[in-house]
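Asker: One structure is given below, represented as structure tokens, and several questions about it will come after.
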Amino acid sequence: MKYIAVVVTYNRKQLLIEALTSLLNQTVSPQKVVVINNNSTDGTEELLQRQGFLDNSQVDYHKLNDNVGGSGGFYEGLKIAQEYKADWVALSDDDAIYDANYFELIQDASQRHPDIKAFSGNVILADGRLQSDQRGSVSNEYWVKKEIMSVDDFENTPETEVDWFSFCGCVIDMKIIRKIGLPEKDFFIWWDDFEYSLRIRKYSKLLNINDAKIVHKTGIVSVDTINKYQRDWRTYYNVRNKVFTMKKHGKSTFVTTLYLVYWYPRLLSTVAQRKFAGSRKFVWQEYNSGFWDGVRGKMGKSLKHLPGSV
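Below you can see the structure in the form of structure tokens.
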């Protein structure tokens, strides 16, 4: 299996070292590991240099002049990956640590299922739980409703067909990427992986290999914040990019528009929920501006919504 691994990083140098080490120690080794440094300010480059990663011929390191977000980082990484003569490309952030046999298991699956051109593995939290919201289904094609599948869907079977996966350990055939193009870089963060999955589905099923595991050492455990909201600058991008994705991929422009008219007041009404206590004004403003920017197609990085802005 000839593959390029793309890793996007921003200000998490110690985790990045762990992530790169897990890739370089794979039983099926990557042809190249493309590292996209999103203009980190924590000494990431200096640490990589001291630990010998920048002198490693397997590592192709690029530091960007600006933080273009995860979406822009994966856009740049995939653009570079296409320059190599590889059959597959894997995507992950700096907080994703691969089990040593991850790509061996993906390789075996690709041989069993030659018609499938997109794979992923189970995402495991640092405490051993399955992070089930990293893979899922689509329950409505008119407003491409994103659903999270149950833990049982992944733990009681060796393989699970999914409709979408996150950019946390997904492995995609390079031929598919050349057909569908690069991710939506102007999303900045969130929903870029879901939108990209919708494009992949036009050419291939997506198959999750449940014995292939990647540990996600995320700082905000999403499965623990469903009923408890923490102020998050990413709230704006969540709504804006969701609306943009609905408009781009909804099966019927007319039906999608009707749904958005129906959904907008209901979206704003959710700020009354108990979990938003103490943050209702903030959430209402993020939801409102995100919704209308998504409708207007006003994309890209918002200077009002950046790390540290909350």
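The opening residue of the sequence shown carries number 20 in my numbering; numbering runs sequentially from there.
We put the beta carbon where it would ideally sit given N, CA and C, even for glycine.
A quick note: this is a predicted structure, and the numbers were derived from the prediction, not measured.
Over the uninterrupted beta strand (DSSP E) stretch that includes residue 203, give me the two end residues.
Answerer: Looking at the DSSP string, residue 203 is not in any beta strand (DSSP E), and its letter there is neither H nor E.
Asker: Inspect the beta-carbon positions of residue 57 and residue 92 and report whether they are closer than 7 Å.
Answerer: For residue 57 and residue 92, yes; Cβs fall inside 7 Å.
Asker: Does the structure place the stretch 74–83 close enough to the stretch 104–124 that three or more beta carbon pairs sit under 8 Å?
Answerer: Result no; under three Cβ-Cβ pairs closer than 8 Å.
Asker: Return the CA-CA distance between residue 303 and residue 290, expressed in angstroms with no decimal places.
Answerer: If I take the Cα positions, the gap works out to 6 Å.
Asker: In chain order, what residues of the same chain have a beta carbon less than 7 Å from the beta carbon of residue 84, not counting five sequence neighbours either side?
Answerer: The residues are 58.
Asker: Answer with buried or exposed for residue 44, where buried requires no fewer than 16 other C-beta atoms within 10 angstroms of its C-beta.
Answerer: Residue 44 should be labelled exposed.
Asker: Let me know if residue 81 comes out buried or exposed under the rule of 16 or more other beta-carbons within 10 Å of its beta-carbon.
Answerer: Residue 81 is exposed by the Cβ-count criterion.
Asker: Can you list the beta strand (DSSP E) stretches of 3 or more residues lying completely in the stretch 88–154, in chain order?
Answerer: Correct list: 107–112, 115–117 and 137–144.
Asker: Roughly how far, in whole angstroms, is the beta-carbon of residue 254 from the beta-carbon of residue 210, given that I think they are within contact range, below 8 Å?
Answerer: With 8 Å as the limit, residue 254 and residue 210 do not qualify as a contact, their Cβ atoms being about 12 Å apart.
Asker: Would residue 183 and residue 216 be called neighbours here (beta carbons separated by less than 7 Å)?
Answerer: Yes, Cβ-Cβ distance for residue 183 and residue 216 is below 7 Å.
Asker: Could you compute how far the alpha carbon of residue 299 sits from the alpha carbon of residue 325?
Answerer: If you take the alpha carbons of residue 299 and residue 325, they lie about 19 Å apart.
Asker: For residue 192, which residues does DSSP report across the bridge?
Answerer: In DSSP, residue 192 forms a bridge with 107.
Asker: Please state whether DSSP places residue 324 in a helix, a strand or coil.
Answerer: The answer is coil: DSSP assigns residue 324 none of H, G, I, E or B.
Asker: Between 104, 94, 32 and 49, which lies nearest to residue 69 when the distance is taken from Cα to Cα?
Answerer: Out of 104, 94, 32 and 49, 32 has the C-alpha closest to the C-alpha of residue 69.
Asker: Is it right to say residue 288 is buried, meaning 16 or more other beta carbons lie within 10 angstroms of its own, or is it exposed?
Answerer: The residue in question, residue 288, is exposed, as its Cβ has fewer than 16 Cβ neighbours within 10 Å.
Asker: How would you write the range of the alpha helix (DSSP H) that residue 226 sits in, first residue to last?
Answerer: Not the alpha helix (DSSP H): residue 226 falls in the beta strand (DSSP E), residues 225–235.
Asker: Okay, do the stretch 137–151 and the stretch 202–209 touch, 3+ Cβ pairs below 8 Å being the bar?
Answerer: Short answer: they don't touch.
Asker: Are residue 232 and residue 141 touching if we call contact CB-CB under 7 Å?
Answerer: Cβ atoms of residue 232 and residue 141: closer than 7 Å.
Asker: Under a Cβ-count criterion, where at least 16 other Cβ atoms within 10 Å of its own Cβ denotes burial, should residue 249 be classed as buried or exposed?
Answerer: Exposed is the call here.
Asker: Within 10 angstroms of its Cβ, does residue 115 collect 16 or more other Cβ (buried), or is it exposed?
Answerer: Label assigned to residue 115: buried.
Asker: Taking a contact to mean a Cβ-Cβ separation below 7 Å, would you say residue 229 touches residue 138 in this structure?
Answerer: Not a contact, by the Cβ cut-off of 7 Å.
Asker: Can the beta-carbon of residue 22 be found less than 7 Å from the beta-carbon of residue 109?
Answerer: Result yes, Cβ atoms of residue 22 and residue 109 sit closer than 7 Å.
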